Amino acid sequence: MKLYYDFHIHSCLSPCGDEDMTPNNIVNMALLSGLNAIALTDHNTCGNCPATAQVAAEAGLLFLPGMELCTAEEAHVVCLFPTVEAALAFEAVIAPTLPPIRNRADVFGEQVICNTLDEPIGTQDILLTTASSISVDAVPTLVRSFGGTAFPTHIDRPSYSVTAALGDLPPLGFEAVELTATADVDTMRARYREIGTKPLLLNSDAHRLEDIQEAGPWLELPALTPTAVIDALNGNFTVEWSRG
Ligand SMILES: [Zn+2]
Ligand SMILES: [Zn+2]
4 MKLYYDFHIH SCLSPCGDED MTPNNIVNMA LLSGLNAIAL TDHNTCGNCP ATAQVAAEAG
64 LLFLPGMELC TAEEAHVVCL FPTVEAALAF EAVIAPTLPP IRNRADVFGE QVICNTLDEP
124 IGTQDILLTT ASSISVDAVP TLVRSFGGTA FPTHIDRPSY SVTAALGDLP PLGFEAVELT
184 ATADVDTMRA RYREIGTKPL LLNSDAHRLE DIQEAGPWLE LPALTPTAVI DALNGNFTVE
244 WSRG
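Adding 3 to a residue's 1-based position in the sequence shown gives its number in my numbering.
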């Protein structure tokens, strides 16, 4: 079964995310875009995953709770989990590793937690766009211990990518990689041998509703379940894929 996905979306809980990136708006835009599956991946938090998971379930959209973790090296890695419970347990490990810097909403933007009606039910006080103290080489094993999968994001970008932070893409245990839409795939493959034949994910990294991507990139999966996505991205079987 072909799964049309967007596994890198920010909500209004990311300070850089638009305030209308609420659970219902994200799910409805994903459906309008013809997607079968999305992940919510706010910076260093899973706080809007419970509401979004419920809204997605009621809409029949496959949802993976996630986080875009900023590692100690300032490398961004998307972490996806099979359940909200697993994501929140992972978040409980990450939260104490963030520097205790308070968000300044007037400078960085609001960090809003929503309920299933898109109503604000709180804000996150600690600034979420800082670097955790988790080293990037610890991430794949740590995320797998919560039943999840992790992939380095936008590795063709010159900032906040594993390649920018480390100067290379060493064998760290990631079995999938995210490249932006403008990346030259052949150039990236030649530059980073570690890419090999790994699935090259294309996600939107949407911070605005209109940036959630249209159905295009896909994975061919035996079942449309979070576990099938996670197994595929962990390299547990060879997955057919296309960047659309
Ligand atoms: Zn990022
Ligand atoms: Zn992002």
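Ideal Cβ placement from N, Cα and C applies to all residues, glycine included.
Here the structure is a predicted model, which means the values were calculated and not measured.
Heavy atom of ligand 4 within 7 Å of residue i beta-carbon
{"i": "D214", "result": "This structure lacks ligand 4; its bound ligands are ligand 1 and ligand 2."}
Residue of the options minimising C-alpha distance to residue i
{"i": "M70", "options": "A89, P220, A59", "result": "A89"}
{"i": "I129", "options": "L34, D214, I116, P123", "result": "I116"}
{"i": "H210", "options": "F154, A54, L16", "result": "L16"}
{"i": "E213", "options": "T183, T185, V30", "result": "V30"}
{"i": "G20", "options": "T230, D187, G247, L43", "result": "L43"}
{"i": "E217", "options": "M4, M24, H13, L34", "result": "L34"}
{"i": "P85", "options": "N206, R246, I233", "result": "I233"}
{"i": "N253", "options": "Q57, N39, H157", "result": "With the chain covering 4 to 247 only, the question about residue 253 has no answer from this structure."}
{"i": "D9", "options": "D23, T25, M32", "result": "M32"}
Start-to-end residues for the beta strand (DSSP E) that takes in residue i
{"i": "I124", "result": "123-126"}
{"i": "L130", "result": "Note, L130: premise wrong, no beta strand (DSSP E); not H, not E."}
{"i": "F10", "result": "5-12"}
{"i": "C73", "result": "65-73"}
{"i": "A40", "result": "40-46"}
{"i": "I116", "result": "115-117"}
{"i": "V30", "result": "Looking at the DSSP string, V30 is not in any beta strand (DSSP E); the run it does join, the alpha helix (DSSP H), is 26-35."}
{"i": "V58", "result": "Looking at the DSSP string, V58 is not in any beta strand (DSSP E); the run it does join, the alpha helix (DSSP H), is 52-62."}
Cβ-heavy atom distance, residue i to ligand 1, below 7 Å
{"i": "T3", "result": "In this structure the chain extends from 4 to 247, so residue 3 is not present and cannot be described."}
{"i": "Y163", "result": "yes"}
{"i": "H210", "result": "no"}
Environment of residue i [buried if 16+ CB atoms lie within 10 Å]
{"i": "V165", "result": "buried"}
{"i": "D159", "result": "buried"}
{"i": "N28", "result": "buried"}
{"i": "S136", "result": "exposed"}
{"i": "T55", "result": "buried"}
{"i": "E94", "result": "buried"}
{"i": "A60", "result": "exposed"}
{"i": "L172", "result": "buried"}
Extent of the continuous alpha helix (DSSP H) run through residue i
{"i": "V165", "result": "165-169"}
{"i": "M191", "result": "188-194"}
{"i": "L236", "result": "229-236"}
{"i": "I158", "result": "Taken as a continuous stretch (DSSP letters only), I158 belongs to no alpha helix (DSSP H), as it is neither H nor E."}
Q. In chain order, what residues place their C-beta within less than 5 Å of a heavy atom belonging to ligand 2?
A. Ordered along the chain, the selected set is E71, D208.
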